[in-house]
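See structure below.
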Amino acid sequence: MAYDKFERLKSTAVPLPIENVDTDQIMPARFLKATERKGFGDNLFRDWRYNGDNSLKEDFVLNNPIYGGKILVGGKNFGSGSSREHAAWGVYDFGFRCVISSFFADIFKGNCLNIGVLPVQVSEEFAEKVFRAIESDPSSEFDVNLPDQTVTIVATGEQERFDITGYKKDNMLNGFDDIDYLQNIKSEIKEFAEN
């Protein structure tokens, strides 16, 4: 199994209401040397989280102890820029299992799905409701239900559906990456090849 199965996630969330966050901001290029998906969480949003002397920037949201959880809520056009997988690796390694935004760059969205981070694209109106819920109460919880393809603001019950391809949904539910999927259907592939 490539990563943990994702079925349902009920969690608080970290708000990052900045539009056009690109992959270089998520994971700066100088940290792309490793080829394993380990240790990237330390450098997630590195230039936004740390001062030049490596001290924490207290005003950055990931350094604010009132926010936490396994959901990151980003502004519109989250993950734009280069195709680096390391940006998604950093999101996962930091502990996020879901990113909510009103729009994702396609490559970043695909990279997240390949490693077990669920990108949930919602309408701009619903994204604003999510941000307002967190602003009014940082302990607000959100329920992300992959089988039903819904995200719910627990306190109000407001809910919106999200789209995901059947193949990626099945992989997320089983904790499969693309290789795991092929291994799982190896007998079917062999049978097809023989016929």
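Residues in the sequence shown are numbered from 90 upward in steps of one, following this note's numbering.
By construction, the Cβ of each residue, glycine as well, lies at the ideal position given by its N, Cα and C atoms.
Around the beta-carbon of S190, 16 or more other beta-carbon atoms lie within 10 Å, marking it buried. In its chain, beyond the 5 residues on either side, D111, T112, D113 have a beta carbon closer than 6 Å to the beta carbon of G170. Residue environment: R186 is assigned as buried (16 or more neighbouring CB atoms within 10 Å of its CB, all protein chains considered). Minimum Cα-Cα distance from E249 among the listed residues A216, D266, E230 corresponds to A216.
Around the CB of I160, 16 or more other CB atoms lie within 10 Å, so the residue is classed as buried. A residue is called buried once 16 or more other Cβ atoms fall within 10 Å of its Cβ, and E277, having fewer, is exposed.
Under the three-pair Cβ rule at 8 Å, the region 207-216 does not count as touching the region 149-156. Assigned with DSSP and collapsed to three states, A102 falls in strand. When DSSP states are grouped into helix, strand and coil, I242 belongs to the strand group.
When the alpha-carbon of V180 is set against those of I253, D131, A222, the nearest one is in D131. Between L235 and E96, the C-beta spacing is below 7 Å. Secondary structure at D148: coil, using DSSP grouped into helix, strand and coil. Cβ neighbours of L202 within its own chain (closer than 6 Å, five residues either side excluded): K257. Ranked by Cα distance from K198, the options G168, P227, E224 are led by G168. For E247, the closest C-alpha among the options K165, S229, D136 is that of S229. Under DSSP, the beta-bridge partners assigned to S190 are Q210. By the neighbour-count criterion, in which a residue is buried when 16 or more other Cβ atoms sit within 10 angstroms of its Cβ, A282 is exposed. By the beta-carbon neighbour count (other beta carbons within 10 angstroms, threshold 16), I268 is exposed. Under the DSSP assignment, V180 falls in the alpha helix (DSSP H) whose first and last residues are 175-183.
L98 places its beta carbon 7 Å or farther from that of V243. Listed as beta-bridge partners of I253 by DSSP are no residues whatsoever.
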